[in-house]
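Q: I am attaching a structure below and will ask some questions about it afterwards.
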């Protein structure tokens, strides 16, 4: 699967997904880095068919209003650490 990880999540999530054979990028990999506008993230998601992983409620609202981004994995966790979550992420 192809993913784009939003700014409020750790870059280690994209590394973890890449290690599992997925194609994941983080906003830090983009020219504007973590200042990348949501509209640009949406464009990349649609153009490259990437699932956006985000904790940003703006993505959640936009997904149900405009069906953007391409796909969305909306997280509601406050603290996100890869190691404790890895048993759940193995399903991805």
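Numbering (this note's numbering), first residue to last: 3 to 94. Ideal Cβ positions, reconstructed from N, Cα and C, are used throughout, including at glycine. Note that this is a predicted model, so its numbers are computed, not measured.
Quick one: what's residue 4 bridged to in DSSP?
A: Answer by DSSP bridge pairing, in chain order: 25.
Q: Report, in whole angstroms, the separation of the C-beta atoms of residue 17 and residue 52, which I expect to be a contact under 8 Å.
A: About 16 Å separates the two Cβ atoms, so there is no contact after all.
Q: With which residues is residue 76 paired in a DSSP beta bridge?
A: 56, per the DSSP bridge assignment.
Q: Residues in the same chain with beta-carbon distance under 8 Å from residue 40, minus the five sequence neighbours each way, listed in chain order, please.
A: Excluding positions up to five away in sequence, the list reads 58, 60, 61 and 64.
Q: Residue 38: which of 29, 73 and 49 sits nearest, CA to CA?
A: Considering only alpha carbons, the answer is 29.
Q: Return yes when the Cβ of residue 12 is within less than 8 Å of the Cβ of residue 43, no when it is not.
A: Cβ distance not < 8 Å, so residue 43 and residue 12 don't count as in contact.
Q: Please report the straight-line C-alpha distance between residue 56 and residue 31, rounded to a whole angstrom.
A: Going by the C-alpha atoms only, they are around 16 Å apart.
Q: Helix, strand or coil for residue 9 per DSSP?
A: Coil, per DSSP.
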